[in-house]
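Data block below; observations after.
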Amino acid sequence: MSGILFLIPIALFMGLLGLGAFIWSVRSGQFDDPAGSANRILIDEDEPL
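Our numbering numbers the first residue of the sequence shown as 492 and each following residue consecutively.
Have a look at this one:
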């Protein structure tokens with residue numbers, strides 16, 4: 492029982508930390524062009540090594 496009382500606040504803190512990181516990444520523009528990365532892999536440029 493004492494383990495649960497220790498682990499629940501840690502889990503809540505880690506969840507809030509992850510949520511904060513997600514909100515920060517959305518606000519800083521990390522997800523502005525999700526289609527660009529998906530289409531970039533389809534472009535085949537034949538360049539010699």
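Cβ coordinates follow ideal geometry from the N, Cα and C atoms, glycine included.
Keep in mind that this is a model prediction, so the values were computed, not measured.
query, result
"Please report the distance separating the alpha-carbon of I532 from that of E538.", "15 Å"
"Between the alpha carbons of G511 and E536, how many angstroms are there, rounded?", "38 Å"
"Which value, in whole angstroms, describes the spacing of the CA atoms of G494 and F513?", "28 Å"
"What span of residues does the alpha helix (DSSP H) with I514 cover, start to end?", "S493 to R518"
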